[in-house]
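All remarks here apply to the structure that follows.
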Amino acid sequence: MLFFSPFPCYNGDTIFAKGAGKVLLNSSEYLNTVESIKEEIRAAQYRASVSVNRELLLLYHTIGNTINAHKTWGSKFIESLSADIKLAFPDASGYSVRNLKYMAKFALAYPDEEFVQQPVAQIPWGHNTVLLDKLSSPEERLWYAEKVIENGWSRNVLIHQIEGGLYQRQAIASKITNFEARLPASQSELALQTMKDPYLFDFIPLKENMLERDIEQALVKDVTKLLLELGTGFAFLGNQYHLNVGGDDFYIDLLFYNLSLRCYVVIELKTGEFKPEYAGQLNFYLSAVDGLLKKEQDSPSIGLLLCKSKNDLVAEYSLKDMSKPIGVSAYRITSCLPEEFEKQLPSVEDLQKRIL
1 MLFFSPFPCY
11 NGDTIFAKGA
21 GKVLLNSSEY
31 LNTVESIKEE
41 IRAAQYRASV
51 SVNRELLLLY
61 HTIGNTINAH
71 KTWGSKFIES
81 LSADIKLAFP
91 DASGYSVRNL
101 KYMAKFALAY
111 PDEEFVQQPV
121 AQIPWGHNTV
131 LLDKLSSPEE
141 RLWYAEKVIE
151 NGWSRNVLIH
161 QIEGGLYQRQ
171 AIASKITNFE
181 ARLPASQSEL
191 ALQTMKDPYL
201 FDFIPLKENM
211 LERDIEQALV
221 KDVTKLLLEL
231 GTGFAFLGNQ
241 YHLNVGGDDF
251 YIDLLFYNLS
261 LRCYVVIELK
271 TGEFKPEYAG
281 QLNFYLSAVD
291 GLLKKEQDSP
301 SIGLLLCKSK
311 NDLVAEYSLK
321 DMSKPIGVSA
331 YRITSCLPEE
341 FEKQLPSVED
351 LQKRIL
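So the sequence shown is numbered by full-length UniProt numbering: it starts at 1 and just counts up by one.
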């Protein structure tokens, strides 16, 4: 059987293109050129999809305004309108009675036609209907729309994040950190934006007498959902990550690298209330990571203490004189715990006895 190479000439290691001047088809210059063209194609495809989506939303906005202008005609108007549109455009979808009502709601939510300049005009219609259904605050809708664009969330992920109260936990929560004092301004702001309080680990099956290792193993078992909760840019490096410091062995609960922050992130889990000594232990781990793992191009490593509960003032004082950037957050395993189940859970004191 004859084999025909897709390349014009092949001499074993080096691939050449035909023509007056020889070009190495496996050279870095050629490969970079191809990648550059691919990026241009992807960018053009994205711009085209955004443009089509924007035009569709503008159409829906116009239809919604028309419906609102004739609201005195009653509900039968929308039913008749839906039927007539389907009759005129039998192959078109999206003009059901339900969707026409969404269009009217959409036009009321964004009365100014300049909404096309806002993030809501850059996300799919299905995402917009979720924002209309679940949120009444314009600020929250805008914030979630920006997050959809930033993270590429699907509609189901958006629903999950709204129901988990991400806006309250990330955008407006009062966060306990020393980031401003220990990080450059740009990294400090980004680290604060990344952090949440509390973290919601509702994908963990709740069991009686859970210890730190139980929670850690459950988080690692479903690392995809853990990364979704942590946010954009986190790469999981390991749990019980081993560090050898001067012949002594230490183990970090969870180690990540954040691609946006360009730094290692050390997470320590505590099943009880925050204690000042936890900050000292994490400060040591960060020093070790900076000394053993951090490269010259990396930013300073960041630590995150996740505790079942915390006294904010105690946490603030504990971080004040720490040399490394540390944040303290609470976590919840369920967003809504039934009262009868809550009574079966061990107290903080019981958990501490089990750990010690």
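Using N, Cα and C, we set each Cβ at its ideal position, and we do this for glycine too.
Please read these numbers as outputs of a predicted model, since none were measured by experiment.
Mark residue i as exposed unless 16 or more other C-beta atoms lie within 10 angstroms of its C-beta, in which case mark it buried.
{"i": "Ser318", "result": "buried"}
{"i": "Asn283", "result": "buried"}
{"i": "Gly303", "result": "buried"}
{"i": "Ser329", "result": "buried"}
{"i": "Ile41", "result": "exposed"}
{"i": "His70", "result": "exposed"}
{"i": "residue 382", "result": "The chain is shown from 1 up to 356; residue 382 falls before or after that span and cannot be answered."}
{"i": "Ser301", "result": "buried"}
{"i": "His242", "result": "exposed"}
{"i": "Gln45", "result": "exposed"}
{"i": "Lys320", "result": "exposed"}
{"i": "Ser335", "result": "Low per-residue confidence applies at Ser335: pLDDT is 48, beneath 50, and the placement is therefore not dependable enough to give any value."}
{"i": "Thr271", "result": "buried"}
{"i": "Ala43", "result": "exposed"}
{"i": "residue 357", "result": "For residue 357 there is no data in the structure shown, the boundaries of the chain being 1 and 356."}
{"i": "Ile37", "result": "exposed"}
{"i": "Val88", "result": "Residue 88 is actually Ala in this sequence, not Val. Exposed, because fewer than 16 other Cβ atoms sit within 10 Å of the Cβ of Ala88."}
{"i": "Lys310", "result": "buried"}
{"i": "Ala48", "result": "exposed"}
{"i": "Leu190", "result": "buried"}
Which of the three DSSP states is assigned to residue i in this structure?
{"i": "Tyr257", "result": "strand"}
{"i": "Ser335", "result": "Only weak support exists for where Ser335 lies, its pLDDT of 48 falling under 50; the value from the coordinates is given anyway. In this structure, Ser335 counts as coil in the three-state DSSP scheme."}
{"i": "Glu296", "result": "coil"}
{"i": "Gln118", "result": "coil"}
{"i": "Ala191", "result": "helix"}
{"i": "Leu351", "result": "Confidence in Leu351 is poor, its pLDDT being 39 and thus under 50, which makes the residue's placement unreliable; the coordinate value appears in the next sentence. It is helical."}
{"i": "Lys308", "result": "strand"}
{"i": "Ser329", "result": "strand"}
{"i": "Cys263", "result": "strand"}
{"i": "Lys270", "result": "strand"}
{"i": "Leu183", "result": "coil"}
{"i": "Leu319", "result": "helix"}
Tell me, to the nearest whole angstrom, how far the beta carbon of residue i is from that of residue j; I am working on the premise that it is less than 8 Å.
{"i": "Leu200", "j": "Gly164", "result": "5 Å"}
{"i": "Ile252", "j": "Val266", "result": "6 Å"}
{"i": "Ser96", "j": "Ser80", "result": "About 13 Å separates the two Cβ atoms, so there is no contact after all."}
{"i": "Met195", "j": "Gly64", "result": "At roughly 38 Å, the Cβ-Cβ gap does not stay under 8 Å, so Met195 and Gly64 are not in contact."}
{"i": "Asp197", "j": "Ala181", "result": "The Cβ separation is near 18 Å, so there is no contact."}
{"i": "Lys308", "j": "Glu277", "result": "About 16 Å separates the two Cβ atoms, so there is no contact after all."}
{"i": "Gln122", "j": "Asn53", "result": "7 Å"}
{"i": "Ile176", "j": "Asp290", "result": "Not quite, the Cβ-Cβ distance comes to about 22 Å (not below 8 Å), so this is no contact."}
{"i": "Leu206", "j": "Ile333", "result": "5 Å"}
Do residue j and residue i have their beta-carbon atoms positioned less than 9 Å apart in this structure?
{"i": "Ile78", "j": "Lys101", "result": "yes"}
{"i": "residue 396", "j": "Pro124", "result": "Residue coverage of the chain in this structure runs from 1 to 356, which leaves residue 396 outside it and unanswerable."}
{"i": "Ile162", "j": "Val130", "result": "yes"}
{"i": "Leu57", "j": "Phe106", "result": "yes"}
{"i": "Ser299", "j": "Pro184", "result": "yes"}
{"i": "Pro325", "j": "Phe179", "result": "yes"}
{"i": "Gly231", "j": "Gln170", "result": "yes"}
{"i": "Leu219", "j": "Leu269", "result": "yes"}
{"i": "Phe256", "j": "Ala288", "result": "no"}
{"i": "His127", "j": "Leu108", "result": "no"}
{"i": "Leu228", "j": "Phe236", "result": "no"}
{"i": "Ala104", "j": "Ile67", "result": "yes"}
{"i": "Glu296", "j": "Leu254", "result": "no"}
{"i": "Leu305", "j": "Gln187", "result": "no"}
{"i": "Leu292", "j": "Val245", "result": "yes"}
{"i": "Glu146", "j": "His61", "result": "no"}
Any beta-carbon of chain C closer than 9 Å to the one on residue i?
{"i": "Lys320", "result": "Chain labels in this structure do not include chain C; a single protein chain is all it has."}
Continuous alpha helix (DSSP H) assignments of at least 4 residues falling wholly in the region 206-259: Runs of the alpha helix (DSSP H) inside the region 206-259: 212-221, 223-230.
Every unbroken alpha helix (DSSP H) inside the UniProt domain "YhcG N-terminal" (37-169) [4 residues or more]: The DSSP assignment places 75-88, 97-109, 125-134, 138-151, 155-163 as complete runs of the alpha helix (DSSP H) inside the UniProt domain "YhcG N-terminal" (37-169), in order along the chain (cut-off: 4 residues).
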